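Quick notes on the structure that follows.
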Amino acid sequence: MTRRNPALAKRKPFGVRIYKNFRFAALALVVLCLLAPLAWLVASSLKTNVDIYDASKTFFFVPTLENYANVLTRNNYFVFIFNSFWVASASTVLSLILGVPAAYAMSRFTMHRSALVVLMARVIPGISLLVPWYYVFSNMKMVGGFGVLILSHMFVALPLIVYIMMSYFDSMPLELEESAQVDGLTPIGAFQRITLPLSVGGMATAGILSFIFSWNNFMFALVLSGSKTKTLPVAIFDFVSYASIDWGGLMAAATVVTIPIMIIALFTQKYIVSGMTAGATKG
Amino acid sequence: MFAAPAMIFVGLLIIFPLVWTIYLSLTDSHGSVRAPSQFIGFANYMEVLSDTERFWPAAGRTAYFTITALAVEVVLGMIIALLLWRPFRGEKWVRVAILLPLVATPVAVGMMWRLIFDPNMGFANQMLGWIGIPAQPWLSGQSTALPTTIFMDIWQWTPMVVLIMLAGLTSLSDEPDEAARMDGANAWQRFFFVTLPLMMPTVIVAILLRSIDALKTFDILYATKGKGGGSFHEVETLNIYAYGLSFDYNEYGLSSAVLMIFFFIIIGVMWILTRRKKGIK
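Chains as they are written, first to last, in my numbering: chain A, 3 to 285; chain B, 4 to 284.
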């Protein structure tokens with residue numbers, strides 16, 4: 003700001019300096035507010051249940067991995083971790099296979115009405131679909147299996163993928179495909195050889211986001227999963243019993259769910275941000 | 004042809020269930036999904052709309068939750084986005100901090116706050132104790148539970164608004180701002196008369212996206228207060244209410260009527276917001 007207009011910078015160096023300090027303090031506060039609760043979660047997962055209740059051990063305690071050992075060995079957590087990974091990856095891959103060509107068609111042939119139907123999926127409350135699904139799938143004796151979980155998670159993933167890929171294809175020049183077609187490729191060939199390789203970045207964005215949303219999804223799994231197909235967000239509730247809560251175990255379980263998705267997010271920051279804001283500025 | 008498989012899938016998974024929900028809302032289906040049900044016309048709707056004990060309070064809470072969370076998130080989101088707008092050292096760290104709440108599993112987030120807001124051993128009351136404020140009941144209080152969950156929503160979703168606003172800000176051209184600066188406008192004037200009007204379409208998009216999700220909030224409410232939104236239904240929104248009717252009480256007919264009404268409310272809100280957006284353009 004100051005570099006661009008040296009005259010103004012010279013006139014009010016004091017104001018600029020105050021703003022710089024204020025900005026630093028404000029941003030530090032924002033970072034603290036966003037990260038401190040997460041740090042609290044991890045810290046509590048490293049405390050014994052006795053230490054969690056002890057106010058003198060708020061900041062200083064002897065960390066222990068006892069809770070993690072409990073969670074992972076006693077509660078079948080490896081099975082739940084596998085379930086979550088399996089459901090999230092399967093629904094993401096299937097949704098990409100269905101969603102990318104659909105988004106392409108909607109973008110190129112401006113099928114706004116069919117695009118609207120897909121976007122409706124974002125607006126409808128999930129529960130209004132869960133009741134009929136539950137009806138159908140329990141009559142088909144599918145509730146509690148992986149198939150129905152993957153299908154239901156695809157319902158979240160597919161509209162997301164179509165939405166992101168549409169704005170991606172919209173911003174891609176038509177000329178590339180046209181010249182490929184002039185050179186003798188069929189429309190499908192042009193899509194496969196030219197458009198698809200160029201849209202790997204967009205697909206990565208859409209895929210990562212859909213994996214995250216599926217991993218975090220709770221409501222569908224709460225109703226549609228069985229004891230063998232339980233996913234991590236549902237499994238967390240095992241630590242909440244009617245009478246009391248195993249806080250240490252609960253925090254360890256919550257950390258186990260959250261950490262993988264955060265690591266993925268840290269390495270794919272750029273993609274996530276571009277996916278979450280896709281189409282937001284164009285309106 | 005490209006779109007056919009996706010359209011069939013969406014049709015099966017969305018349109019068909021929606022039609023079925025309409026049908027169910029006109030029947031007395033309850034108990035088991037295999038039990039026979041009778042067509043009873045609009046009786047469910049009459050019952051829901053005259054229910055001042057559960058339905059209307061839940062609708063009120065939904066509105067309260069959505070409007071409060073949204074107002075705070077948009078203002079805070081705008082302020083933080085403005086702070087982040089121009090490049091600075093350590094930008095990367097702030098971006099990481101903004102991303103983490105967004106991707107954190109909502110149920111785990113709910114559980115995390117449940118410990119922090121625990122009236123006896125939670126860190127929130129410990130902190131109040133340091134500055135001499137008496138302990139608050141937070142989630143366990145009948146009147147404080149809903150504001151506490153709103154706070155959680157603000158923590159998790161303000162970053163989303165920041166990202167959208169930041170994308171909007173960076174796509175603005177510098178010229179109007181420079182011109183105003185040349186004319187001697189100060190920072191406040193430049194924000195309110197130049198940046199904010201240009202940002203209005205982005206603000207509406209942020210409101211649109213966030214209100215869709217805030218209206219449907221489920222995970223943190225269920226994780227913190229459980230079935231029925233707590234023993235006094237203190238955080239029972241329309242979404243939690245409909246869930247309870249469907250899967251705790253198996254009142255499929257009645258819950259379908261609630262869902263249809265809920266659905267029309269959401270569509271109505273979206274319609275008003277998109278019209279407003281067009282008006283601004």
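Just so it is clear, CB atoms sit at the ideal spot from N, CA and C, and this is done for glycine as well. A quick note: this is a predicted structure, and the numbers were derived from the prediction, not measured.
- For the segment 258–279 of chain B, the set of positions with a beta-carbon nearer than 8 Å to some beta-carbon of chain A reads Ser258, Ser259, Leu262, Met263, Phe265, Phe266, Ile269, Ile270, Met273 in chain order.
- Interface criterion not met: the Cβ of A/Arg195 is under 8 Å from no Cβ in chain B.
- Around B/Trp158, the same chain offers Pro104 as residues with beta carbons nearer than 7 Å, after the five sequence neighbours per side are excluded.
- In the DSSP assignment, A/Ala206 falls within the unbroken alpha helix (DSSP H) covering 202–218.
- Judged by beta-carbon spacing, B/Thr161 lies beyond the 8 Å limit of B/Phe68, meaning their Cβ atoms are not closer than that value.
- Here the alpha carbon of B/Val13 sits roughly 27 Å from the alpha carbon of A/Lys230.
- When the five nearest sequence neighbours on each side are left out, the beta carbons in the same chain lying within less than 6 Å of the beta carbon of B/Lys228 are those of Val238, in order along the chain.
- Between the segment 119–139 of chain B and the segment 51–65 of chain A, the count of Cβ pairs shorter than 8 Å is three or higher; the stretches touch.
- Residues Leu131 of the same chain have their beta carbon placed closer than 8 Å to that of B/Pro137, with the five preceding and five following residues left out of the count.
- Taking all protein chains in view, the Cβ of B/Asp177 is surrounded by fewer than 16 other Cβ atoms within 10 Å, so the residue is classified as exposed.
- Along the segment 127–159 of chain B, going in chain order, the ones with a CB nearer than 8 Å to a CB of chain A are Gln129, Trp158.
- In this structure, B/Ala72 sits away from B/Leu241, with a CB-CB distance that is not shorter than 8 Å.
- Each residue's CA atom was taken as its position, placing A/Ala280 and A/Tyr165 some 8 Å apart.
- The C-alpha of B/Arg89 lies about 28 Å from the C-alpha of B/Met155.
- About 41 Å separates the CB atoms of B/Val77 and A/Ser140; that is not less than 8 Å, and the two are not in contact.
- Cβ atoms of B/Gly34 and B/Met168 stay farther apart than 8 Å, at about 49 Å.
- Taking 8 Å as the threshold, the shortest C-beta distance from A/Ile263 to chain B falls below it.
- For the segment 26–47 of chain B, the set of residues with a beta-carbon nearer than 8 Å to any beta-carbon of chain A comprises Leu27, Val36, Arg37, in chain order.
- Between A/Ala267 and B/Val165, the CB-CB gap reaches or exceeds 8 Å.
- DSSP places B/Thr55 outside both helix and strand once states are collapsed to three, so it counts as coil.
- By DSSP's assignment, A/Val242 forms a beta bridge with A/Ile247.
- In this chain, A/Lys49 is not harboured by any alpha helix (DSSP H), its DSSP state being neither H nor E.
- For B/Ile17, the nearest beta carbon of chain A is closer than 8 Å to its own beta carbon.
- With respect to chain B, the C-beta atom of A/Leu198 has no partner C-beta closer than 8 Å.
- Counting of Cβ neighbours within 10 angstroms places B/Gly271 among the exposed residues, the total staying below 16.
- Only exposed fits A/Arg19, as fewer than 16 other CB atoms lie within 10 angstroms of its CB.
- B/Thr30 sits in a strand when the DSSP states are folded into three classes.
- A straight line joining the alpha-carbon of B/Ser258 with that of A/Val125 spans about 18 Å.
- The residue among A/Asn218, A/Phe62, A/Leu100 with its C-alpha nearest the C-alpha of A/Lys49 is A/Phe62.
- The CB of A/Asn141 comes closer than 9 Å to the CB of Val36, Arg37 in chain B, given here in chain order.
- Bounds of the alpha helix (DSSP H) holding B/Val106 are 94–106.
- With contacts defined by Cβ atoms closer than 8 Å, B/Val97 and A/Val33 form a contacting pair.
- Inter-segment contact for the segment 77–85 of chain A and the segment 16–29 of chain B is absent: fewer than three beta-carbon pairs are separated by less than 8 Å.
- The Cβ-Cβ distance between A/Ala28 and B/Leu86 falls below 8 Å.
- When Cβ-Cβ separations below 8 Å define contact, A/Asn218 makes contact with chain B.
- Interface annotation, B/Phe221: in contact with chain A, CB-CB separation under 8 Å.
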